[in-house]
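Residue numbers (our numbering): 31 to 231. By construction, the Cβ of each residue, glycine as well, lies at the ideal position given by its N, Cα and C atoms. Everything below concerns the one structure shown next.
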Amino acid sequence: MSSGEDVGRRSPGRDSELQVTTKEHDFGLGAPVSKAEKYQNTLQLEQEVRNQDKFISALKLQIEDLKQTNHGLEEYVRKLLDSKEVVSSQVDDLTSHNEHLCKELIKIDQLAEQLEKEKNFVVDTADKELEEAKIELICQQNNIIVLEDTIKRLRSIILETEKAQNKSPSRLDSFVKTLEADRDYYKSEAQNLRKMIRSRV
């Protein structure tokens, strides 16, 4: 065989040596390792792989927990947003209702002011009517006094005339009766005025 073929045949062995050397360097060893050591290293690698698998599984569980937590938070945020919309709607409704109440209060204040003016007008009118009634009552009382005095004087004249002439009642007596009727009318009107004044005082 040629030297090139020898090199080709020896190359696998050299590759193995290179691979072993590389593994030795990977394990931090400076000398060739035995089969027992290789087996031990393999077990360690497998244990590390199993540990990493466990760690990865634990991470996956944590990820699932975080996903569930995140989903719960998203649902909570959604409910908060829905609640915010409901509260905003309620605030808008209350604001609108408050504005309506304010307008109604303004109308009520205006109506109360108008009623107060009307009441004052009625009271003033009643006071004026009461004063007029008092004045009229005084006039009626004066008329009654005058009529009663006139009736007394006329009766006295009638009696004296009848005694002097020995006659029946004359037309003067009829006139006295008319005056008495007027007096009774004024008394009745005065009584009505007194009742009206007492009812308004």
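Next on the checklist: If we define contact as Cβ-Cβ less than 9 Å, is leucine 177 a contact residue for chain B?
Outcome noted: This model lacks chain B altogether; it includes just one protein chain.
Next on the checklist: Could you compute how far the alpha carbon of tyrosine 215 sits from the alpha carbon of glutamine 221?
Outcome noted: 10 Å
Checklist entry - Beta-carbon separation of leucine 189 and phenylalanine 205 under 9 Å? => result no
Checklist entry - Is serine 64 helix, strand or coil when you go by DSSP? => result coil
Checklist entry - Just to confirm, does leucine 184 get its C-beta within under 8 Å of one of the non-hydrogen atoms of the ligand MG? => result Ligands displayed in this structure: none; no statement on the ligand MG is therefore possible.
Checklist entry - If you draw a straight line from the alpha carbon of glutamine 92 to that of glutamine 98, how long is it in whole angstroms? => result 10 Å
Checklist entry - Does the beta-carbon distance from arginine 213 to glutamate 166 come in below 9 Å? => result no
Checklist entry - Rounded to whole angstroms, how far is the Cβ of aspartate 227 from the Cβ of alanine 163, which I believe are closer than 8 Å? => result Checking the sequence, you will find isoleucine at residue 227 rather than aspartate. Going by Cβ atoms, the distance from isoleucine 227 to alanine 163 rounds to 6 Å, so yes, they are a contact pair.
Next on the checklist: Quick check: the Cα distance between glutamate 54 and leucine 103, rounded to an integer number of angstroms?
Outcome noted: Any answer about glutamate 54 is weak, because its pLDDT of 45 lies below 50 and its placement is not dependable; what the coordinates show is given next. About 51 Å.
Next on the checklist: Check this for me: beta carbons of glutamate 219 and glutamine 170, under 9 Å apart or not?
Outcome noted: yes
Checklist entry - If you draw a straight line from the alpha carbon of histidine 101 to that of leucine 89, how long is it in whole angstroms? => result 18 Å
Checklist entry - Distance, Cα to Cα, tyrosine 106 vs histidine 127? => result 31 Å
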